[in-house]
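First up is the structure itself, then whatever we jot down about it.
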Amino acid sequence: MTMDKNKKAPDFLAHWRNKSVHLSEEIRCIEPDDDPRSRHQNNLRNRTAALQTSVLHIEVSEVVFSEPTTIHVTPFRVGFTLLVSATASVEYGYDGDLSRSSGTGNILLMLPGKEINASHSTGKLRTITCSFDQDYTEHILGPLNTISQARLLDALDVKSPLLSAILLRMMNEAMYPGNKSTELVNALGHAMLVECSHWLSSVSDKPTTEKQLTAQDFSLIDRYMSDASGNSVTALELATACGYSERHFTKIFKKQTGCTVSEYVRAVRITKAKALLLETDLPLKEIAFRLGFSTPANFSNSFRTATGITPAKFRK
Numbered sequence: 005m006t007m008d009k010n011k012k013a014p015d016f017l018a019h020w021r022n023k024s025v026h027l028s029e030e031i032r033c034i035e036p037d038d039d040p041r042s043r044h045q046n047n048l049r050n051r052t053a054a055l056q057t058s059v060l061h062i063e064v065s066e067v068v069f070s071e072p073t074t075i076h077v078t079p080f081r082v083g084f085t086l087l088v089s090a091t092a093s094v095e096y097g098y099d100g101d102l103s104r105s106s107g108t109g110n111i112l113l114m115l116p117g118k119e120i121n122a123s124h125s126t127g128k129l130r131t132i133t134c135s136f137d138q139d140y141t142e143h144i145l146g147p148l149n150t151i152s153q154a155r156l157l158d159a160l161d162v163k164s165p166l167l168s169a170i171l172l173r174m175m176n177e178a179m180y181p182g183n184k185s186t187e188l189v190n191a192l193g194h195a196m197l198v199e200c201s202h203w204l205s206s207v208s209d210k211p212t213t214e215k216q217l218t219a220q221d222f223s224l225i226d227r228y229m230s231d232a233s234g235n236s237v238t239a240l241e242l243a244t245a246c247g248y249s250e251r252h253f254t255k256i257f258k259k260q261t262g263c264t265v266s267e268y269v270r271a272v273r274i275t276k277a278k279a280l281l282l283e284t285d286l287p288l289k290e291i292a293f294r295l296g297f298s299t300p301a302n303f304s305n306s307f308r309t310a311t312g313i314t315p316a317k318f319r320k
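Residue numbers (the working numbering): 5 to 320.
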């Protein structure tokens, strides 16, 4: 893809406005420190860590909104963005339809040329983005222009604990690189695209008479989990909140997301744990309680199983 090879065109193009400013920004994955364009980086985001290989680019960023802001982003690479933590609320979608609400743990799949519009409240976001050039992506996923409209809408909020775990591990490697980080993130990137290929084909585009979980249902699930401080969330509770029987809910949840309810709940808890470890000075005991773990030891063991490191080491 020419844009990725010669870097004359941006990897992402962003237009943003609020009451104070109306600016455009060309975002490049690799941008020399002496390039004047890099001075504008903090207008939209603060890059806190980055890692580049021959096939992918990883960036950990923070964005602070001092007032409500609207943003239009056009990607020219394939990108996966995980919202690690947020004090700002975000509504987003395609073509001015801002019907999706983003929360901690949401994964957005960005496709070349497909503009995403978003409205942000005052606050801060921390994200991890992994992007690939189109040629490398299509070698694994196949032609991107064959992705259905239904799947494009699903790409606004990809439900995959595996993708979430991969992105969080990539964040660790970008923030604390080692002598094998390049080999590791390339392998993780390949696994991410293979999992995405599986996700794209996991739901048939053929009409079905079976009732499906809607975007509103998933928003309700995320809100219920956010409000359940100090309690472990069960499939029965989520099914009841959405108005389904537990049996039907678990069946259609697995069919639509490719993971079980319990796998999804575990992934969200670990994502929220990472956000609290990064953004607060709360003791581990308090974090364990807020996320519904029975004891701090149980929290530490679950965190280490999911991430490979202890909460204390991750916080450092």
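Cβ coordinates follow ideal geometry from the N, Cα and C atoms, glycine included.
Short check: CB of residue 268 to CB of residue 261, under 8 Å? Here residue 268 corresponds to residue number 264 of the sequence shown, with the count starting at 1. Here residue 261 corresponds to residue number 257 of the sequence shown, with the count starting at 1. Closer than 8 Å, so yes.
Backbone CA spacing between residue 14 and residue 63 [nearest angstrom]: On the sequence shown, position 10 is the one that residue 14 refers to. On the sequence shown, position 59 is the one that residue 63 refers to. Rounded to whole angstroms, residue 14 to residue 63 spans 15 Å at the Cα level.
In whole angstroms, give me the CA-to-CA distance for residue 104 and residue 160. Counted from its first residue, the sequence shown places residue 104 at position 100. Counted from its first residue, the sequence shown places residue 160 at position 156. Annotation: residue 104 to residue 160 spans about 8 Å, alpha carbon to alpha carbon.
Throw me the rounded Cβ distance for the residue 166 and residue 132 pair, which I believe falls under 8 Å. Mapped onto the sequence shown, residue 166 falls at position 162. Mapped onto the sequence shown, residue 132 falls at position 128. By a beta-carbon distance limit of 8 Å, residue 166 does not contact residue 132. Their separation comes to about 15 Å.
Assign residue 245 to one of three DSSP states: helix, strand, or coil. Against the sequence shown, residue 245 aligns to sequence position 241. Three-state result, residue 245: helix.
In its own chain, which residues sit with a C-beta less than 6 Å from the C-beta of residue 135, not counting the 5 before and 5 after it? The residue given as residue 135 occupies position 131 in the sequence shown. Counting only Cβ-Cβ distances below 6 Å, and skipping sequence neighbours, we find 61, 81 and 83.
Length of the line joining the Cα atoms of residue 20 and residue 26: The count along the sequence shown starts at 1 and reaches residue 20 at position 16. The count along the sequence shown starts at 1 and reaches residue 26 at position 22. Taking the straight line from one Cα to the other gives about 6 Å.
Kindly identify the DSSP beta-bridge partner or partners of residue 56. Reading the sequence shown from its first residue, position 52 is the one you call residue 56. DSSP, once it has assigned bridges, lists 61 as partnering residue 56.
First through last residue of the beta strand (DSSP E) which encompasses residue 84: The count along the sequence shown starts at 1 and reaches residue 84 at position 80. Judged by DSSP secondary structure, residue 84 falls within the beta strand (DSSP E) whose first and last residues are 82 to 90.
Nearest-angstrom Cα distance between residue 29 and residue 17? Numbered from 1 along the sequence shown, position 25 holds the residue referred to as residue 29. Numbered from 1 along the sequence shown, position 13 holds the residue referred to as residue 17. Between residue 29 and residue 17, the C-alpha separation is close to 6 Å.
Quick one: grab the DSSP three-state call for residue 79. The residue labelled residue 79 in the question sits at position 75 within the sequence shown. The three-state reading of DSSP puts residue 79 in strand, counting E and B together.
Using a threshold of 8 Å, state whether the C-beta atoms of residue 216 and residue 151 are closer than that. To locate residue 216, count along the sequence shown from 1; it is residue 212. To locate residue 151, count along the sequence shown from 1; it is residue 147. With respect to the 8 Å criterion, residue 216 and residue 151 are not classified as neighbours on the basis of their beta carbons.
With residue 171 as the anchor, note down where its alpha helix (DSSP H) starts and where it stops. As a first step, residue 171 must be located in the sequence shown, where it is residue number 167. Its alpha helix (DSSP H) spans residues 165 to 179.
Cβ-based burial, residue 147 [other Cβ within 10 Å; buried from 16]: Along the sequence shown, read from residue 1 onward, the residue named residue 147 stands at position 143. When all chains shown are included, residue 147 counts as exposed.
Could you give the distance in angstroms between the alpha-carbon of residue 87 and the alpha-carbon of residue 110? Mapped onto the sequence shown, residue 87 falls at position 83. Mapped onto the sequence shown, residue 110 falls at position 106. Rounded to whole angstroms, residue 87 to residue 110 spans 6 Å at the Cα level.
Separation of residue 202 from residue 218, as counted between CA atoms: Here residue 218 refers to the residue found at position 214 of the sequence shown. Here residue 202 refers to the residue found at position 198 of the sequence shown. Whole-angstrom Cα-Cα distance: 20 Å.
Within the same chain, show all residues whose beta-carbon is closer than 7 Å to that of residue 70, passing over the 5 residues directly before and after it, in chain order. Mapped onto the sequence shown, residue 70 falls at position 66. Counting only Cβ-Cβ distances below 7 Å, and skipping sequence neighbours, we find 126.
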